[in-house]
Each structure stands twice: as C-alpha cells, then as structure tokens.
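Trainee: Here it is: the structure, laid out below.
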Amino acid sequence: MKAIILAAGKGTRMGSLTHDVPKPMLMVKGKPILEWIIRGLHQEAKVEHFCIVVGYKAEKILEYFKDGQFLGIKIDYRFQKKQDGTGKAPLVAKDLISNEPFFLSYGDILLGDCREYGRMIRAYKGDGLVGLTDGNDLSKGGAVFLDSDGQIIDIIEKPQDPALSKGAFYNAGIYLISPKIFDFMESLCLSPRGEYELTDALRMFSQHGKLYGFLIAGSCVDVRDPQTLGSLNS
C-alpha cells in the first residue's frame with residue numbers, strides 16, 4: 001500500500017508560526033503533524049511507501065524524515081514548484097503509484113482514532129472512498145452529497161449559502177482512491193479563485209465513476225489555525 005501526502009503549502013492562517021517551518025511540521029504533543037499522519041497510516045493501514053509532496057520550506061521536511069528509515073518505511077519526495085492549489089499537486093507523484101488504490105491525504109489532517117485508516121481499506125469499493133465528517137462548517141471546505149447507497153453525487157467547494165449544503169457531509173481531506181483520479185486531475189482548469197481544486201477532480205470522477213463516502217468515526221481535525229493547534233496541545 002502506498003500513500004501521497006500533500007505538504008507543500010505554507011499555511012498562511014498560522015501567521016508567524018509558519019515563518020520558519022511548513023504547517024505539517026508544526027508540533028502536536030511532541031511530534032510534527034505530518035509524523036502523526038505517517039505513523040497512523042503505517043501502523044493501521046500497513047502503508048510502507050510514502051510520497052510527500054513538498055514546496056514551502058521543503059528542506060525542513062526532508063531533514064526531519066530523510067528516507068523514512070527511522071519509521072520503518074520508505075519515503076520519496078516530489079516538489080510542487082508552483083503554489084496553484086492541490087488539484088494537480090498529486091500528479092508529481094504519479095510515477096510512484098501503480099495500478100492499485102492508494103491513500104491521498106492533506107498534510108494537516110489528524111484523526112483521533114487512526115484505526116479508521118484500516119477501516120477504510122476494509123470498506124473500499126467502486127473507484128474509491130472519500131473520507132467524510134459530520135457537523136463541520138461546510139463553508140470552510142467541500143460539501144459532499146450522497147445518494148441512498150452512499151455513492152457521491154455532487155461536491156461543492158466552500159458553499160457560502162447554507163441552503164446549498166443542506167444534507168451534505170464535510171470533505172475530510174483523506175481519500176483511498178483509484179489511480180484513475182489522475183486522469184481527472186490532468187484535465188483540470190483553474191477555478192474562479194485561480195487555483196486547481198482537488199474537489200473539482202473528485203466531482204468529475206464521481207460523474208464518470210463510482211466514488212463513495214466514508215464517514216469517519218471519532219474526531220478528524222483540520223489543523224487550520226493557531227486556535228486549533230493550541231487546543232490540540234492543551
């Protein structure tokens with residue numbers, strides 16, 4: 001099993017905390033956020049080979065994790081040269097992914113119970129699973145709509161009108177997905193805010209394939225700001 005972790009962004013909402021390090025390297029309970037993600041995927045989903053997509057302050061990540069040997073894993077690195085969103089970022093790691101499903105995760109998403117990674121493997125069907133949570137502010141992320149069988153029928157990025165997101169779940173930023181997703185990433189156009197959106201690729205995939213929602217049990221925290229980071233360390 002392989003995983004791509006997106007860790008190229010600066011994390012501007014963290015302010016001065018990311019002046020010297022990228023957000024995935026901020027510490028939670030004595031370890032970088034990124035290490036918690038890697039350890040969870042390795043221990044619970046048996047991921048042995050990781051590709052970390054780096055950009056801002058990449059050297060901090062490379063110096064800390066090196067080749068991953070101290071964690072009993074293999075780590076490769078790919079560089080996202082232009083900060084133009086996450087939609088096309090995984091493409092730089094396409095050469096490392098075979099024809100098997102792989103995990104794709106943002107580098108700032110922490111699960112309260114890492115056994116959920118393993119549960120995703122056991123629940124896998126169709127062309128992949130999109131990790132979901134319930135009760136989050138949908139205006140801050142992707143609103144995912146499911147049919148009665150749990151299949152994804154639509155995804156709306158950061159809907160500002162609550163009426164547009166009624167009955168939707170929150171896109172948690174953790175995926176177990178078929179490599180066919182790369183085809184849709186390659187065909188992306190810039191969004192109105194000037195970025196390539198991963199949710200746009202997922203929406204296209206859901207229209208041409210079968211993606212299912214996976215409701216994550218327990219907490220799933222997007223470490224998006226200093227307040228969230230502080231609460232995790234309190």
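Reminder that position 65 of the sequence shown reads as 65 in UniProt numbering, one-by-one numbering, no gaps.
Glycine is no exception: its CB is placed at the ideal position from the N, C-alpha and C atoms.
All values derive from a computational prediction rather than experimental measurement.
Between the Cα of R193 and the Cα atoms of G230, E100, M14, Q83, which residue gives the shortest distance?
Mentor: The sequence position of residue 193 within the sequence shown is 193, counting from 1. R193 has its Cα closest to that of Q83, out of G230, E100, M14, Q83.
Trainee: Curious, which full-length beta strand (DSSP E) runs of at least 3 residues does the region 177 to 204 contain?
Mentor: The region 177 to 204 contains no whole beta strand (DSSP E) run of 3 or more residues.
Trainee: How many angstroms separate the CA atom of C114 from the CA atom of G131?
Mentor: Translated into the one-based positions of the sequence shown, residue 114 becomes position 114. Translated into the one-based positions of the sequence shown, residue 131 becomes position 131. Answer to the nearest angstrom: the Cα atoms are 13 Å apart.
Trainee: Around the Cβ of P24, are there at least 16 other Cβ atoms within 10 angstroms (buried) or fewer (exposed)?
Mentor: Mapped onto the sequence shown, residue 24 falls at position 24. With 16 or more other Cβ atoms within 10 Å, it is buried.
Trainee: Note down, in chain order, each residue of its chain lying with its Cβ closer than 8 Å to the Cβ of K180, except the 5 sequence neighbours on either side.
Mentor: Your numbering for residue 180 matches position 180 in the sequence shown. Excluding sequence neighbours, K180 sits near D127, F205, G209.
Trainee: For P101, does the three-state DSSP call read helix, strand or coil?
Mentor: Counting from 1 along the sequence shown, the entry for residue 101 is found at position 101. Here P101 sits in coil by DSSP.
Trainee: Which whole-angstrom value describes the C-beta separation of L104 and V221, a residue pair presumed to lie in contact below a C-beta threshold of 8 Å?
Mentor: The residue given as residue 104 occupies position 104 in the sequence shown. The residue given as residue 221 occupies position 221 in the sequence shown. The pair is not a contact, with the Cβ atoms about 18 Å apart (cut-off 8 Å).
Trainee: Output the distance between the C-alpha atoms of N171 and L146, rounded to the nearest integer angstrom.
Mentor: Locating residue 171 in the sequence shown gives position 171, where the first residue counts as 1. Locating residue 146 in the sequence shown gives position 146, where the first residue counts as 1. Each residue's Cα considered, the two are about 12 Å apart.
Trainee: Touch check for the region 67 to 80 and the region 32 to 52: three-plus C-beta pairs under 8 Å?
Mentor: They touch, by the three-pair rule.
Trainee: Determine, using beta carbons only, whether R78 and V53 come nearer to each other than 8 Å.
Mentor: Walking along the sequence shown from the start, residue 78 turns up at place 78. Walking along the sequence shown from the start, residue 53 turns up at place 53. Yes, these two residues count as a Cβ contact at 8 Å.
Trainee: Just mark S165 as buried or exposed, buried being the case when its beta carbon has 16 or more other beta carbons within 10 Å.
Mentor: What you label residue 165 is simply residue 165 of the sequence shown in a count that begins at 1. With 16 or more Cβ atoms within 10 Å of its Cβ, S165 is classed as buried.
Trainee: Which of the three DSSP states, helix, strand or coil, is assigned to R78?
Mentor: Translated into positions along the sequence shown, residue 78 becomes position 78. R78: strand per DSSP, three-state reduction.
Trainee: Hey, out of G85, I174, A3, whose CA is closest to Y56's CA?
Mentor: Reading the sequence shown from its first residue, position 56 is the one you call residue 56. Minimum Cα distance to Y56 is reached at G85.
Trainee: Alpha carbon to alpha carbon, what distance is there between L232 and I4?
Mentor: Within the sequence shown, the letter at position 4 stands for residue 4. Within the sequence shown, the letter at position 232 stands for residue 232. Near 24 Å, if we compare the C-alpha coordinates of L232 and I4.
Trainee: Could you tell me the alpha carbon to alpha carbon distance between G87 and K29, rounded to whole angstroms?
Mentor: Here the question's residue 87 lines up with position 87 in the sequence shown. Here the question's residue 29 lines up with position 29 in the sequence shown. Approximately 30 Å between the Cα atoms of the pair.
Trainee: Within 10 angstroms of the Cβ of G230, are there 16 or more other Cβ atoms? Answer buried if so, exposed if not.
Mentor: Here the question's residue 230 lines up with position 230 in the sequence shown. Under this definition G230 is an exposed residue.
Trainee: Can you name the start and end residues of the beta strand (DSSP E) that Y56 belongs to?
Mentor: Here residue 56 corresponds to residue number 56 of the sequence shown, with the count starting at 1. Neither: Y56 is in no beta strand (DSSP E) and is coded neither H nor E.
Trainee: DSSP state of H19, grouped into three classes?
Mentor: Your numbering for residue 19 matches position 19 in the sequence shown. H19: coil per DSSP, three-state reduction.
Trainee: Taking buried to mean at least 16 other C-beta atoms within 10 Å of its own C-beta, is G15 buried or exposed?
Mentor: Working through the sequence shown from its first residue, we reach residue 15 at position 15. G15 comes out exposed.
Trainee: Using the beta-carbon count (16 or more within 10 Å), is Y106 buried or exposed?
Mentor: As a working note, residue 106 is residue 106 in the sequence shown. So Y106 ends up on the buried side.
Trainee: Does G173 pass the burial test, meaning 16 or more other C-beta atoms within 10 Å, or should it be called exposed?
Mentor: Residue 173 sits at position 173 when you count from the first residue of the sequence shown. By the neighbour-count rule (16 or more Cβ atoms within 10 Å), G173 is buried.
Trainee: Return the first residue and the last residue of the alpha helix (DSSP H) that T133 is part of.
Mentor: Your numbering for residue 133 matches position 133 in the sequence shown. Element bounds for T133: not the alpha helix (DSSP H) but the beta strand (DSSP E), 128 to 133.
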